[in-house]
């Protein structure tokens, strides 16, 4: 049992960059307790019964089926995992919340979207920002699935620039209600929601305001809907435009305070981002399962294609991205869980504890959203390739997995926005003194101008070189971002391509470190022989991370440095991305692929 004293040592958001994390201090999927394992197995059994066999119906836009499955999920308590017991929820911690989101989301993007929109942005704004009356009125119905929630933020002219919405809320003469007029688009769950979180502007306020708006088919109150959107993927996810025409909302249904809507919207998205990352994990596992089984069964040239090196390479890379994604997601989830509990022990309310914690780890939430959404896209793309012509056919689940995956890079803030947010938020934290970037960045600068050590490090211990490499990748970020801040100061946000390059360095450092720490922790408790494939995955991911960091750092350095400064930084980059002993990448992939094909599934 962790003590409060230990918890005070918890890394703050973004501190992973400048403080060493030990393997024994991270949480991994192998650490699930019995309650969490039971919950995982219950969710998997539910999905295998209610979702996976009905893939074709979901692809044929059976919106009623999505509503029906969501209702059943509510009856089993899956919609209320994160909701305190006093509001009819299960009151489980954030790791359990992530776990349910993970395993319920892998079989159909339509269910993943409906579940995520309802339990996240459709419910959490009321739980975290609502007053007690609002919570008691709405949360129990949302937690049990009696009502479903939707989130009305995006407008035709307000997407990434969410605070620029034109929807208006006008106070009535008696001061008791607001009349809402405007148009929202891309609203998930619109076709069957009873509660809408609606963002509107009062008069000429600088910031939008949030409202809780009920919808009743018998008394639509000026609310009308567009037709279901025709979409590339998530076919059975109800996505409609919502129109408000003099929709009357009680003044008591204002969420939080006037003008606080933008803050509500942004903080709700922080939670949505990390949960979206989790929602990509089971999809990767299932896609890898299908690819492995097909590769074992498909015989060409009198040999199962799983025996061919080209296919082994693909299967190994697919499994590796899933393994590292799991490591990073549950590492961050436990940090969030521990920080929430620490705040609760300090006497904070549940809502305040969660709000402040999600804000604290906003950097990690953005990192995970980007990494895992891109991993599931790559994984499903390679899955199609393994199946060849059958992968392109709608008779196999690969093409729908590929189409469903595509939206993950867009919603909850595009990956471009999230990349820039991750770096921007880190720099802001540094300026507030929450993360000491200045000292480590100066140390890297001194190292660049100093004489390199000729001492040969001892890399004989398992992961010694890999952990040293991760330290060096972090130095690359400090070198590039530190020099960029020095050069551009407050104007750095205008240099978006530089921010994108710096962000990729940050992302790869976090993800690669998470994979290494997971494998190292499990080697210590299960033995090296039992973890040889996991060791291979951790090393393979790091190998690719080093390449990505090298490429992105060159791009960044070339964009703002010239002459001697550029030469010095490029020499530093070469030093920081150089292996002492280059891993045998083909051997790593073969080790992973042979385990997958012998087990005939994703088995990690």
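In our numbering, the protein residues as written are 1 to 604. Beta carbons are placed, not taken as given, at the ideal position from N, Cα and C, and that holds for glycine.
Worksheet item: Just how far apart, CA to CA, sit residue 233 and residue 570?
Response: Within the chain shown, residue 233 is the residue found at index 233, counting from 1. Within the chain shown, residue 570 is the residue found at index 570, counting from 1. Cα to Cα, the separation comes out at about 43 Å.
Worksheet item: By Cβ distance, which residues of its chain are closer than 6 Å to residue 95, with the 5 residues on each side in sequence left out?
Response: In the chain shown, counting from the first residue as 1, residue 95 sits at position 95. Once the five neighbours on either side are set aside, the close Cβ partners of residue 95 are 333, 334 and 337.
Worksheet entry | Short Cβ contact (7 Å threshold) for residue 190 with residue 225 | In the chain shown, counting from the first residue as 1, residue 190 sits at position 190. In the chain shown, counting from the first residue as 1, residue 225 sits at position 225. Yes, they are a contact pair.
Discussion item. Looking at residue 492: is its Cβ nearer than 7 Å to the Cβ of residue 502?
Written reply: Along the chain shown, read from residue 1 onward, the residue named residue 492 stands at position 492. Along the chain shown, read from residue 1 onward, the residue named residue 502 stands at position 502. No, Cβ-Cβ distance for residue 492 and residue 502 is not below 7 Å.
Worksheet item: Can you tell me the Cα-Cα spacing of residue 388 and residue 261, whole angstroms?
Response: Within the chain shown, numbered from 1, the residue matching residue 388 stands at position 388. Within the chain shown, numbered from 1, the residue matching residue 261 stands at position 261. C-alpha separation (whole angstroms): 48 Å.
Item to complete: Classify residue 135 as helix, strand or coil using the three-state DSSP reduction.
Response: Residue numbering aside, residue 135 sits at position 135 when the chain shown is read from its first letter. Of the three classes helix, strand and coil, the one that applies to residue 135 here is helix, per DSSP.
Discussion item. If I measure Cβ to Cβ from residue 560 and keep anything under 8 Å in the same chain, skipping five residues before and after, which residues do I get?
Written reply: Within the chain shown, numbered from 1, the residue matching residue 560 stands at position 560. Closer than 8 Å at Cβ, skipping near neighbours: 483, 484, 487, 488, 495 and 498.
Discussion item. Can you tell me whether residue 358 is buried or exposed? The criterion is at least 16 other CB atoms within 10 Å of its CB, across all chains shown.
Written reply: Walking along the chain shown from the start, residue 358 turns up at place 358. By the Cβ-count criterion, residue 358 is buried, with 16 or more other Cβ atoms from all chains shown falling within 10 Å of its own Cβ.
Practice prompt. Counting only the same chain and skipping the five closest in sequence on each side, list residues whose C-beta sits under 6 Å from that of residue 404.
Written response: What you label residue 404 is simply residue 404 of the chain shown in a count that begins at 1. 109, 233 and 234, listed in sequence order.
Practice prompt. Can you tell me which of the three DSSP states residue 51 falls into?
Written response: Within the chain shown, residue 51 is the residue found at index 51, counting from 1. Residue 51 falls in the coil class under three-state DSSP.
Worksheet item: Of the residues 473, 52, 125 and 323, which one's Cα is nearest the Cα of residue 264?
Response: Taking the first residue of the chain shown as 1, we reach residue 264 at position 264. If we check each option's Cα against that of residue 264, 125 comes out closest.
Worksheet item: Nearest to residue 397 by CA position, among 176, 52 and 344, is which residue?
Response: On the chain shown, residue 397 is found 397 positions in, with the first residue counted as 1. Ranking 176, 52 and 344 by Cα distance to residue 397 puts 52 first.
Worksheet item: Between residue 56 and chain D, is there a C-beta pair that is closer than 7 Å?
Response: No chain D is present in this structure, which holds just one protein chain.
Discussion item. Which same chain residues end up closer than 6 Å to residue 298 when comparing Cβ atoms and leaving out the 5 residues on each side of it in sequence?
Written reply: Within the chain shown, numbered from 1, the residue matching residue 298 stands at position 298. Taken in chain order, the residues that qualify are 305.
Worksheet item: So what does DSSP say about residue 590, is it helix, strand or coil?
Response: By one-based count along the chain shown, residue 590 stands at place 590. Here residue 590 sits in helix by DSSP.
Discussion item. Going by DSSP, what residue range makes up the alpha helix (DSSP H) through residue 427?
Written reply: Within the chain shown, the letter at position 427 stands for residue 427. Taken as a continuous stretch (DSSP letters only), the alpha helix (DSSP H) holding residue 427 covers 415 to 432.
Practice prompt. Can you tell me the Cβ-Cβ gap for residue 150 and residue 117, rounded? I've got them flagged as a contact below 8 Å.
Written response: Taking the first residue of the chain shown as position 1, residue 150 is located at position 150. Taking the first residue of the chain shown as position 1, residue 117 is located at position 117. About 6 Å; that satisfies the 8 Å criterion.
Worksheet entry | Residue nearest to residue 40 in terms of C-alpha spacing, selected from 66, 77 and 71 | Indexing the chain shown from 1 puts residue 40 at position 40. Minimum Cα distance to residue 40 is reached at 77.
Item to complete: Would you tell me roughly how many angstroms separate the C-alpha atoms of residue 42 and residue 229, rounded to the nearest one?
Response: Working through the chain shown from its first residue, we reach residue 42 at position 42. Working through the chain shown from its first residue, we reach residue 229 at position 229. Their Cα atoms are separated by approximately 33 Å.
Item to complete: Could you tell me which of 276, 318, 475 and 423 sits nearest to residue 407, measuring between CA atoms?
Response: The residue given as residue 407 occupies position 407 in the chain shown. It is 276 whose Cα lies nearest to the Cα of residue 407.
Discussion item. Here's the rule: buried if 16 or more other CB atoms are within 10 angstroms of the residue's CB, otherwise exposed. What is residue 527?
Written reply: As a first step, residue 527 is located in the chain shown; it is residue number 527 there, counting from the start. Exposed, because fewer than 16 other Cβ atoms sit within 10 Å of the Cβ of residue 527.
Item to complete: Kindly identify the DSSP beta-bridge partner or partners of residue 216.
Response: Within the chain shown, numbered from 1, the residue matching residue 216 stands at position 216. Answer is 219.
Worksheet entry | Nearest-angstrom Cβ-Cβ length linking residue 478 and residue 423, presumed shorter than 8 Å | Within the chain shown, residue 478 is the residue found at index 478, counting from 1. Within the chain shown, residue 423 is the residue found at index 423, counting from 1. At roughly 12 Å, the Cβ-Cβ gap does not stay under 8 Å, so residue 478 and residue 423 are not in contact.
Practice prompt. Closer than 8 Å by C-beta to residue 447: which residues in its own chain qualify, once you throw out the five before and the five after it? Chain order, please.
Written response: Along the chain shown, one-based indexing puts residue 447 at 447. Taken in chain order, the residues that qualify are 475 and 572.
Discussion item. Here's a check: name, in chain order, each residue in its chain whose Cβ is nearer than 6 Å to the Cβ of residue 313, leaving out the five neighbours to either side.
Written reply: Translated into positions along the chain shown, residue 313 becomes position 313. Correct list, in chain order: 589.
Worksheet item: From the DSSP output, which residues share a beta bridge with residue 300?
Response: As a working note, residue 300 is residue 300 in the chain shown. DSSP, once it has assigned bridges, lists 303 as partnering residue 300.
Fill in: Helix, strand or coil at residue 639 [DSSP, three-state]
No information on residue 639 is available, as it lies outside the stretch 1 to 604 that the chain covers here.
Item to complete: Work out the CA separation of residue 530 and residue 524 for me, nearest whole Å.
Response: Residue mapping note: residue 524 aligns to position 524 of the chain shown, counting from 1. Residue mapping note: residue 530 aligns to position 530 of the chain shown, counting from 1. About 10 Å.
Discussion item. Residue 591 and residue 520 - do their beta-carbons sit closer together than 7 Å?
Written reply: Position 520 of the chain shown holds residue 520. Position 591 of the chain shown holds residue 591. Cβ atoms of residue 520 and residue 591: not closer than 7 Å.
Discussion item. Is the beta carbon of residue 284 closer than 7 Å to that of residue 322?
Written reply: Within the chain shown, residue 322 is the residue found at index 322, counting from 1. Within the chain shown, residue 284 is the residue found at index 284, counting from 1. In this structure, residue 284 lies closer than 7 Å to residue 322 by Cβ.
Item to complete: Flag this pair as yes or no: are the beta carbons of residue 88 and residue 522 separated by less than 7 Å?
Response: Here residue 88 refers to the residue found at position 88 when the chain shown is read from its first residue. Here residue 522 refers to the residue found at position 522 when the chain shown is read from its first residue. Result no, Cβ atoms of residue 88 and residue 522 do not sit closer than 7 Å.
Fill in: CB-CB length for residue 81 against residue 66, believed under 8 Å
Locating residue 81 in the chain shown gives position 81, where the first residue counts as 1. Locating residue 66 in the chain shown gives position 66, where the first residue counts as 1. So it is not a contact: roughly 19 Å between Cβ atoms.
Fill in: Cβ separation of residue 610 and residue 512, assumed to be a contact under 8 Å, to the nearest whole Å
Residue 610 lies beyond the stretch modelled for the chain, which goes from 1 to 604, so this question has no answer here.
Worksheet entry | Separation of residue 58 from residue 45, as counted between CA atoms | In the chain shown, counting from the first residue as 1, residue 45 sits at position 45. In the chain shown, counting from the first residue as 1, residue 58 sits at position 58. Spanning the two alpha carbons is a distance of roughly 18 Å.
Item to complete: Take residue 372 and list the residues in its own chain whose beta-carbon comes closer than 6 Å to its own, dropping the five residues that flank it on each side.
Response: In the chain shown, the residue the question calls residue 372 occupies position 372. Excluding residues within five positions, the ones whose Cβ falls inside 6 Å are 277, 280 and 325.
Discussion item. Give me, in chain order, the residues of the same chain whose beta-carbon lies closer than 7 Å to that of residue 84; leave out the 5 immediate sequence neighbours on both sides.
Written reply: Along the chain shown, read from residue 1 onward, the residue named residue 84 stands at position 84. So the list reads 91 and 350, once near-sequence residues are dropped.
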